[in-house]
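Quick note on numbering: the sequence shown equals residues 0 to 403 in numbering that gives the first Met the number 0.
All residues carry an ideal CB built from backbone N, CA and C; glycine is no exception.
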Amino acid sequence: MIDVERIRRDFPILGREVYGKPLVYLDNAATTQKPQCVIDAISEAYCNENANVHRGIHFLSQQATDMMESARDKVRQFIGAGSTEEIIFTRGTTESINLLASSFAQAFLREGDEVLISGMEHHSNIVPWQIQAQRYGFRIRIIPVTDLGELDMDAFKALLNPKTKLVSITHVSNVLGTVNPVLEIISQAHSHGIPVAVDGAQSVPHIKVNVQELGADFYAFSGHKIYGPTGIGVLYGRKGLLEKMPPYQGGGEMIKKVTFEKTTYNELPYKFEAGTPDYIGSIALAIALDYVQGIGMDAIAGYENELCKYAIDRLNDIPGMRIIGNASDRSAVISFLVGDIHPSDMGTLLDRLGIAVRTGHHCAEPLMDRYGILGTVRASFSFYNTKAEVDALVAGIERVRLMF
Ligand code: PMP
Numbered sequence: 000m001i002d003v004e005r006i007r008r009d010f011p012i013l014g015r016e017v018y019g020k021p022l023v024y025l026d027n028a029a030t031t032q033k034p035q036c037v038i039d040a041i042s043e044a045y046c047n048e049n050a051n052v053h054r055g056i057h058f059l060s061q062q063a064t065d066m067m068e069s070a071r072d073k074v075r076q077f078i079g080a081g082s083t084e085e086i087i088f089t090r091g092t093t094e095s096i097n098l099l100a101s102s103f104a105q106a107f108l109r110e111g112d113e114v115l116i117s118g119m120e121h122h123s124n125i126v127p128w129q130i131q132a133q134r135y136g137f138r139i140r141i142i143p144v145t146d147l148g149e150l151d152m153d154a155f156k157a158l159l160n161p162k163t164k165l166v167s168i169t170h171v172s173n174v175l176g177t178v179n180p181v182l183e184i185i186s187q188a189h190s191h192g193i194p195v196a197v198d199g200a201q202s203v204p205h206i207k208v209n210v211q212e213l214g215a216d217f218y219a220f221s222g223h224k225i226y227g228p229t230g231i232g233v234l235y236g237r238k239g240l241l242e243k244m245p246p247y248q249g250g251g252e253m254i255k256k257v258t259f260e261k262t263t264y265n266e267l268p269y270k271f272e273a274g275t276p277d278y279i280g281s282i283a284l285a286i287a288l289d290y291v292q293g294i295g296m297d298a299i300a301g302y303e304n305e306l307c308k309y310a311i312d313r314l315n316d317i318p319g320m321r322i323i324g325n326a327s328d329r330s331a332v333i334s335f336l337v338g339d340i341h342p343s344d345m346g347t348l349l350d351r352l353g354i355a356v357r358t359g360h361h362c363a364e365p366l367m368d369r370y371g372i373l374g375t376v377r378a379s380f381s382f383y384n385t386k387a388e389v390d391a392l393v394a395g396i397e398r399v400r401l402m403f
């Protein structure tokens, strides 16, 4: 059970007002707010434990290194990975997928090969592949999205062929809220010997993820979307694949030995972590993961699902409401349009009522094209949101609708 009033007290920002109105924060898919324990962890680390990691023999450097490495182990345990060698710290999902695309393409992709993505990908899981496709000449193919906002699984199966070298797919759509059947996708792909990468930016904060149970070969997520700090993220990769992939960037920490003639690279995961890492970010991310585990991922998913169902029922009572994405398995992200009100007008007027939603294409322009729209209004929920906040959203939309 979620005690939402108690939980809300952990998040200082939720007590503030905007334009003299209580903040109703419904932009959690863009970033989540931070509990006091995460804010304190950052402050504490800079006050008491700050020194550059890995290179120092002095006390503070050792301590910071130990804390970063135990944060890595926390991440490993949180997503059910087998080894910390498979946990690479990055700046976020975007950097994780850029690293993957760059190194995987260099190791494995050639002209004539195919990488399969879907029609509901965030630009972060489209553009990095396009950049590498220009370099290596492989082809990007697209799994179509149905009217309901689900992946067309028959089309997916038909697209798998001997040229397919990787499937890279989002677990949860940041626009439609669809939870994709990644377990089935992975088992289908694996039956053809094809590895699968999963964009977990919108899944890890909301549902229990176990990369080994899923069988994922790569899995990416961002710290700031799971109540952690900005600037830290994770790429999980299967050791056997990471070992065959070249480094993404060169510099400090990713080397074993450097001479002007030849450089040998460090072992995993350091081979992929050039330069001073955001060790404070890793430490605070681990605190955020402890925090959500303290609430419980099953309790979080249950509460958010109930809130989402309530919101959908209430929104559907509004005349002219069109919800984009009605998948049978969904997460607490709701995109909608009301009559012919422009999403940015709706968003701006809701903002004046203290309600923070996101409007626009949500970095998924091909998906907007699929539905023949320019953008949507998006409300996205967390376990700290309440039914009263959903009611405020509905009342706000009604008010805006009557103005038009
Ligand atoms: N993928 C998805 C599905 C997302 O929702 C986002 C963030 N909107 C990203 C990737 C990119 O995440 P970040 O900006 O944290 O790198």
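Self-check item: Burial state of threonine 163, where buried means 16 or more other Cβ atoms lie within 10 Å
Solution: As a position in the sequence shown, residue 163 is number 164, starting the count at 1. With 16 or more other CB atoms across the displayed protein chains lying within 10 angstroms of its CB, threonine 163 is buried.
Quiz prompt | Spatial neighbours of lysine 386 in its chain, beta-carbon cut-off 8 Å, leaving aside the 5 residues before and after | solution = As a working note, residue 386 is residue 387 in the sequence shown. Closer than 8 Å at Cβ, skipping near neighbours: Leu306, Tyr309.
Self-check item: Between the CA atoms of cysteine 362 and glycine 222 - distance to the nearest angstrom
Solution: Mapped onto the sequence shown, residue 222 falls at position 223. Mapped onto the sequence shown, residue 362 falls at position 363. Glycine 222 and cysteine 362: Cα-Cα distance of roughly 19 Å.
Self-check item: Helix, strand or coil at isoleucine 116 [DSSP, three-state]
Solution: By 1-based counting over the sequence shown, the position of residue 116 is 117. It is a strand residue.
Practice problem: Using only alpha-carbon positions, find the residue among Ser334, Ser330, Glu388, Ile323 that is nearest to isoleucine 354. | Solution: Within the sequence shown, the letter at position 355 stands for residue 354. Minimum Cα distance to isoleucine 354 is reached at Glu388.
Quiz prompt | Chain-order list of residues whose beta-carbon lies under 6 Å from that of alanine 100 (same chain, five-residue window excluded) | solution = As a working note, residue 100 is residue 101 in the sequence shown. Once the five neighbours on either side are set aside, the close Cβ partners of alanine 100 are Pro127, Trp128, Gln131.
Exercise. Could you tell me which residues DSSP puts in a beta bridge with lysine 20?
Key: In the sequence shown, the residue the question calls residue 20 occupies position 21. In the DSSP secondary-structure assignment, lysine 20 is bridged to Val17.
Exercise. From the DSSP output, in three-state form, read off lysine 256 for me.
Key: Residue 256 sits at position 257 when you count from the first residue of the sequence shown. Three-state result, lysine 256: strand.
Quiz item: In the structure shown, what three-state DSSP assignment does arginine 90 receive?
Solution: Within the sequence shown, the letter at position 91 stands for residue 90. Here arginine 90 carries a coil assignment [DSSP, helix/strand/coil].
Self-check item: One or two residues paired with isoleucine 333 in a DSSP bridge
Solution: On the sequence shown, position 334 is the one that residue 333 refers to. According to DSSP, residue pairing for isoleucine 333 in a beta bridge involves Ala378.
Quiz item: In terms of residue numbering, what span does the alpha helix (DSSP H) encompassing valine 210 cover?
Solution: For the purposes of this step, residue 210 is identified with residue 211 of the sequence shown, where counting begins at 1. Secondary structure note for valine 210: its alpha helix (DSSP H) is the uninterrupted segment 210-213.
Practice problem: With a threshold of 8 Å, establish whether the CB of asparagine 173 neighbours any heavy atom of ligand 1. | Solution: Numbered from 1 along the sequence shown, position 174 holds the residue referred to as residue 173. Yes, ligand 1 has a heavy atom inside 8 Å of this Cβ.
Quiz item: What residues match up with tyrosine 218 in a beta bridge as DSSP calls it?
Solution: Here residue 218 refers to the residue found at position 219 of the sequence shown. Partner residues in the beta bridge of tyrosine 218, as assigned by DSSP, are Val197, Tyr235.
Quiz item: Can you pull the DSSP bridge partners for serine 167?
Solution: Here the question's residue 167 lines up with position 168 in the sequence shown. Here serine 167 is bridged, per DSSP, to Ala196.
Quiz prompt | heavy atom of ligand 1 below 8 Å from valine 33 C-beta | solution = Here residue 33 refers to the residue found at position 34 of the sequence shown. In the sequence on display, residue 33 carries lysine and not valine. Checking every heavy atom of ligand 1 against the Cβ of lysine 33, none is found closer than 8 Å.
Exercise. Might you give, ordered along the chain, the residues of its own chain that have their beta carbon closer than 8 Å to the beta carbon of glycine 214, omitting 5 neighbours on each side?
Key: Locating residue 214 in the sequence shown gives position 215, counting from the first residue. So the list reads Leu182, Ile185, Ser186, His189, Val195, once near-sequence residues are dropped.
Practice problem: Could you tell me the distance, in whole angstroms, from the CA atom of isoleucine 286 to the CA atom of valine 197? | Solution: Reading the sequence shown from its first residue, position 287 is the one you call residue 286. Reading the sequence shown from its first residue, position 198 is the one you call residue 197. The alpha-carbon atoms of isoleucine 286 and valine 197 are separated by roughly 24 Å.
Practice problem: Check whether the Cβ of asparagine 179 lies closer than 8 Å to any heavy atom of ligand 1, and answer yes or no. | Solution: Walking along the sequence shown from the start, residue 179 turns up at place 180. At a cut-off of 8 Å, the beta-carbon of asparagine 179 does not count as near ligand 1: no heavy atom of the ligand is closer than that.
Quiz prompt | DSSP beta-bridge partners of threonine 358 | solution = Position 359 of the sequence shown, counted from the first residue, corresponds to residue 358. Partner residues in the beta bridge of threonine 358, as assigned by DSSP, are Val376.
Exercise. Would you be able to state if there are at least three C-beta pairs under 8 Å between the segment 220-236 and the segment 136-155?
Key: Segments in contact, no.
Quiz item: By how many angstroms is the C-alpha of glycine 338 removed from the C-alpha of isoleucine 41?
Solution: Residue numbering aside, residue 41 sits at position 42 when the sequence shown is read from its first letter. Residue numbering aside, residue 338 sits at position 339 when the sequence shown is read from its first letter. Roughly 45 Å separates the two Cα atoms.
Exercise. Could you have a look at methionine 244 and say whether DSSP puts it in helix, strand or coil?
Key: The count along the sequence shown starts at 1 and reaches residue 244 at position 245. DSSP places methionine 244 in the coil class of the three-state scheme, outside both helix and strand.
Quiz item: Under a Cβ-count criterion, where at least 16 other Cβ atoms within 10 Å of its own Cβ denotes burial, should leucine 401 be classed as buried or exposed?
Solution: Residue numbering aside, residue 401 sits at position 402 when the sequence shown is read from its first letter. It counts as exposed.
Self-check item: Cβ neighbours of lysine 256 in the same chain (closer than 6 Å, five flanking residues each side left out)
Solution: Mapped onto the sequence shown, residue 256 falls at position 257. If the five residues before and after lysine 256 are omitted, its C-beta is found closer than 6 Å to the C-beta atoms of Thr263, all from its own chain and listed in chain order.
Exercise. Could you tell me the boundaries of the alpha helix (DSSP H) in which arginine 351 lies?
Key: Taking the first residue of the sequence shown as position 1, residue 351 is located at position 352. That run of the alpha helix (DSSP H) goes 342-351.
Quiz item: Any heavy atom of ligand 1 closer than 8 Å to the CB of serine 327?
Solution: Reading the sequence shown from its first residue, position 328 is the one you call residue 327. Serine 327 has its Cβ no nearer than 8 Å to any heavy atom of ligand 1.
Quiz item: When every heavy atom of ligand 1 is checked, does at least one fall within less than 8 Å of the C-beta of threonine 375?
Solution: Here residue 375 refers to the residue found at position 376 of the sequence shown. No, ligand 1 has no heavy atom inside 8 Å of this Cβ.
Quiz item: Just to confirm, are phenylalanine 88 and valine 233 a CB contact at a threshold of 9 Å?
Solution: The residue given as residue 88 occupies position 89 in the sequence shown. The residue given as residue 233 occupies position 234 in the sequence shown. Their beta carbons are under 9 Å apart, which means phenylalanine 88 touches valine 233 by this criterion.
Quiz item: Between cysteine 36 and ligand 1, is the CB less than 8 Å from at least one heavy atom?
Solution: By one-based count along the sequence shown, residue 36 stands at place 37. No, Cβ of cysteine 36 sits at least 8 Å from all heavy atoms of ligand 1.
Quiz item: Using DSSP with H/G/I as helix, E/B as strand and the rest coil, what is threonine 64?
Solution: Looking up residue 64 in the sequence shown gives position 65. Collapsing the DSSP output to three states places threonine 64 in a helix.
Quiz item: Helix, strand or coil: which one does DSSP assign to arginine 7?
Solution: For the purposes of this step, residue 7 is identified with residue 8 of the sequence shown, where counting begins at 1. It is helical.
Practice problem: Label histidine 121 either buried or exposed according to how many other C-beta atoms from any shown protein chain fall within 10 Å of its C-beta, with 16 as the threshold for buried. | Solution: In the sequence shown, the residue the question calls residue 121 occupies position 122. Buried, since its Cβ has 16 or more Cβ neighbours within 10 Å.
Quiz item: Taking the continuous alpha helix (DSSP H) assigned at arginine 134, which residues delimit it?
Solution: Position 135 of the sequence shown holds residue 134. From DSSP, the alpha helix (DSSP H) with arginine 134 extends over 126-135.
Quiz item: Where DSSP assigns a beta bridge to aspartate 277, which residues make up the other side?
Solution: Here residue 277 refers to the residue found at position 278 of the sequence shown. In DSSP, aspartate 277 forms no bridge with anything.
Practice problem: Give the single residue among Ile142, Gly176, Gln105, Phe382 whose Cα lies nearest to the Cα of alanine 298. | Solution: As a position in the sequence shown, residue 298 is number 299, starting the count at 1. With distances taken between Cα atoms, alanine 298 lies closest to Phe382.
Quiz prompt | Own chain partners of isoleucine 12 with C-beta closer than 8 Å, once the 5 adjacent residues on each side are dropped | solution = As a position in the sequence shown, residue 12 is number 13, starting the count at 1. Leu22, Tyr24, Gln32, Lys33, listed in sequence order.
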